[in-house]
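Enquirer: Under the working numbering, the first residue of the sequence shown carries the number 83, and numbering increases by one thereafter. Glycine is no exception: its CB is placed at the ideal position from the N, C-alpha and C atoms. Bear in mind the structure is a predicted one, so any value in this text is a computation, not a measurement. Submitted below is the structure of interest, expressed as structure tokens.
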Amino acid sequence: MFTGIVEELGTVTALELPDASRSDAVLTVSGPLVVSDAALGDSIAVDGVCLTVTSLPGGGFTADVMPESLSRTALASLAVGRRVNLERAMRADARLGGHIVQGHVDGVGTLVSRTPGERWDDLVFETSPEVARYVAEKGSITVSGVSLTVTGVTATTFGVSLIPTTLEATTLGGLEVGDPVNLEVDVIAKYVERLLGARA
């Protein structure tokens, strides 16, 4: 489990995408902080996607990316040199600074507008109705691994405001209109729907 509080900006140093011989991908990311206490088999969220460490080259880690993750996330659009948000799995005795994040991406969104404020930016993302139905104003959502509060929502869009720290410490500060992002909705909303559906 994660919290959506990015610990470090990492850099993609190698990426083997699917080809005729394989349907999965292999991703290598530099991130000295997140690998400082990492071991094989540990979980690290890369842009909000929970990945398992398979090797630890100096100052970074390698992870396999399964076809399911490639089809549901924006990881396939990464390239060598791209910056990514990194977070280690939450410790049981740590503060939950963001919200409960599983690292299981529900879908991909697209930045459709960006409005600078005095010290913040207002962003609007578009997503599918299947994802947007779980998004609530003043609720939580994870955008590329960053825990954010929703400022507004429609049938296919939602807005967030980014404070200076988020602009500086995550990849969201450099997003441009048209860029894809990984989205994970609040897991509580999905469980509530499931329970109410079974009850009906």
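When you compare only the Cα positions, how much space is there between residue 65 and residue 121?
Expert: Because residue 65 is not part of the residues shown, which for the chain are 83 to 282, the question remains open.
Enquirer: Let me confirm a value: residue 273 is counted as buried when at least 16 other C-beta atoms fall within 10 Å, else exposed. Which label applies?
Expert: For the purposes of this step, residue 273 is taken as residue 191 along the sequence shown, with counting starting at 1. Answer is exposed; the Cβ neighbour count stays below 16.
Enquirer: Can you tell me which of the three DSSP states residue 214 falls into?
Expert: Position 132 of the sequence shown, counted from the first residue, corresponds to residue 214. Correct three-state label for residue 214: helix.
Enquirer: Tell me where the beta strand (DSSP E) around residue 222 begins and ends.
Expert: Sequence index remark: in the sequence shown, residue 222 carries index 140 (1-based). Run containing residue 222: 222-225, per the beta strand (DSSP E) assignment.
Enquirer: How big is the Cα-Cα spacing for residue 124 and residue 171?
Expert: Within the sequence shown, residue 124 is the residue found at index 42, counting from 1. Within the sequence shown, residue 171 is the residue found at index 89, counting from 1. Computed Cα separation, rounded: 8 Å.
Enquirer: Measuring alpha carbon to alpha carbon, tell me which of 102, 204, 127 ends up nearest residue 144.
Expert: On the sequence shown, position 62 is the one that residue 144 refers to. Per the Cα distances, 127.
Enquirer: For residue 270, does the count of other Cβ atoms within 10 angstroms reach 16, so buried, or fall short, so exposed?
Expert: Here residue 270 refers to the residue found at position 188 of the sequence shown. That one is exposed.
Enquirer: Which of the three DSSP states is assigned to residue 177 in this structure?
Expert: Walking along the sequence shown from the start, residue 177 turns up at place 95. Coil, per DSSP.
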